[in-house]
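Undergrad:
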Amino acid sequence: MMRFSANLGFLWQELSLPDAIRAAKAAGFDAVECHYPYDTPTEAVRQALEETGLPMLGLNTARGNVAAGDNGLAAIPGRKEEARRVIDQAIDYAAAIGARSVHVMAGKASGEEARATFIANLGYACERADKAGATVLIEPLNHRDAPGYFLQTADQALDIITAVGAENLKLMFDCYHIQIMQGDLTHRLQAHMTAIGHIQIAAVPDRREPDHGEINYRHLLQFLEELGYDRPIGAEYRPATTTDAGLAWLQAYR
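Position in the sequence shown (from 1) plus 497 gives the number in the numbering used here.
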């Protein structure tokens, strides 16, 4: 049976993170993941995870100065100290709550210097994460939702992963972003399976519940089962109304 993780960066945003974890358990999710949990004390998150028995799959590095347009720091030349500071913050927070992975956000950049900067910072992140028993993820984002973001395609991500050469660096395969940028999801999932650390889903093009739109998730989920993929799939979508009102897909896809 396919298992699902509630992305609490989008789901139950009206609740505190600990209460959102409890809501995910009540709704029948098998795991949780989040974006930027840093304003919530780690003890409160750990307590909610222990209470519910849900694993926290991962979290993101802080984006930087969002008001100034930052959307990550790790690929931006000249900001090494800031980038490594948020990497340390994310790995330490993940370790404190038992999260399994950290998504290192690249930021808005382009060119060879940005590539070299990203590779160097990911090398640092992978070394730090390895000591904590964690995986580092990188995620291509589409150019409509994240204009100017350094990492935009799965092929680019795989090139970076090869260049870093760390066993604990994996691809976050977000079907929503990759469908917009490249498509051909079935083939890409099969071709990249050994490099994939986590898979996320949402409808395309509206990023709502994954039960409509141009991606046939029934086909993709069945295909993933045939490939032997047995980790929870991340539900990272923006609810059309409330989270609870839009959960019919969850039982339908099991």
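C-beta: ideal position from N, C-alpha, C; glycine also.
Find the nearest neighbour of valine 563 within the set Leu556, Arg715 and Ala643, judged by alpha-carbon distance.
TA: If you number the sequence shown from 1, residue 563 lands on position 66. Taking only the C-alpha atoms, the option nearest valine 563 is Ala643.
Undergrad: Does DSSP classify valine 701 as helix, strand or coil?
TA: As a first step, residue 701 is located in the sequence shown; it is residue number 204 there, counting from the start. Looking at valine 701 - three-state DSSP - the assignment turns out to be coil, as it is neither helix nor strand.
Undergrad: Where alanine 565 and tyrosine 734 are concerned, what is the direct C-alpha to C-alpha distance, given to the nearest angstrom?
TA: As a working note, residue 565 is residue 68 in the sequence shown. As a working note, residue 734 is residue 237 in the sequence shown. Roughly 25 Å between the two C-alpha positions.
Undergrad: Closest by CA to tyrosine 533, which one among Ile584, Ala742 and Gln687?
TA: Taking the first residue of the sequence shown as 1, we reach residue 533 at position 36. Here the closest residue by C-alpha is Ile584.
Undergrad: Do you know whose CA, among Asp708, Ala654, His640 and Ala611, lies nearest histidine 600's CA?
TA: Here residue 600 corresponds to residue number 103 of the sequence shown, with the count starting at 1. Among Asp708, Ala654, His640 and Ala611, the Cα nearest to that of histidine 600 belongs to Ala654.
Undergrad: Closest by CA to leucine 717, which one among Arg705, Ile696 and Ala737?
TA: Taking the first residue of the sequence shown as 1, we reach residue 717 at position 220. With distances taken between Cα atoms, leucine 717 lies closest to Ile696.
Undergrad: Have a look at glutamine 510 and alanine 524 and give me their C-alpha separation to the nearest angstrom.
TA: If you number the sequence shown from 1, residue 510 lands on position 13. If you number the sequence shown from 1, residue 524 lands on position 27. Cα to Cα, the separation comes out at about 15 Å.
Undergrad: If we call anything under 8 Å between Cβ atoms a contact, is isoleucine 616 one with isoleucine 657?
TA: Looking up residue 616 in the sequence shown gives position 119. Looking up residue 657 in the sequence shown gives position 160. Yes.
Undergrad: In the DSSP assignment, what residue or residues form a beta bridge with lysine 605?
TA: Counting from one through the sequence shown, the residue named residue 605 turns up at place 108. Answer is Tyr646.
Undergrad: For the 8 Å Cβ check, are there 3 or more pairs between the segment 662-671 and the segment 684-699?
TA: Yes, they touch.
Undergrad: Less than 7 Å between C-beta atoms, sequence neighbours within five positions excluded: which residues of the same chain meet that for phenylalanine 507?
TA: By one-based count along the sequence shown, residue 507 stands at place 10. Correct list, in chain order: Glu733, Tyr734 and Arg735.
Undergrad: Using a Cβ-Cβ cut-off of 7 Å (strictly less than) and excluding sequence neighbours within five positions of arginine 576, which residues of its own chain qualify?
TA: As a working mapping, residue 576 is identified with position 79 in the sequence shown. Contacts found: Leu570.
Undergrad: Alpha carbon to alpha carbon, what distance is there between arginine 543 and alanine 593?
TA: Residue mapping note: residue 593 aligns to position 96 of the sequence shown, counting from 1. Residue mapping note: residue 543 aligns to position 46 of the sequence shown, counting from 1. Cα-Cα distance, rounded: 8 Å.
Undergrad: Quick one: measure Cβ to Cβ for leucine 551 and alanine 521, integer angstroms, because I've assumed they're closer than 8 Å.
TA: Along the sequence shown, read from residue 1 onward, the residue named residue 551 stands at position 54. Along the sequence shown, read from residue 1 onward, the residue named residue 521 stands at position 24. That pair is a contact at about 7 Å.
Undergrad: Secondary structure at glutamate 706, three-state DSSP: helix, strand or coil?
TA: Counted from its first residue, the sequence shown places residue 706 at position 209. Glutamate 706: coil per DSSP, three-state reduction.
Undergrad: Please state whether DSSP places asparagine 618 in a helix, a strand or coil.
TA: Residue numbering aside, residue 618 sits at position 121 when the sequence shown is read from its first letter. Helix, per DSSP.
Undergrad: Using DSSP with H/G/I as helix, E/B as strand and the rest coil, what is threonine 539?
TA: Working through the sequence shown from its first residue, we reach residue 539 at position 42. Correct three-state label for threonine 539: helix.
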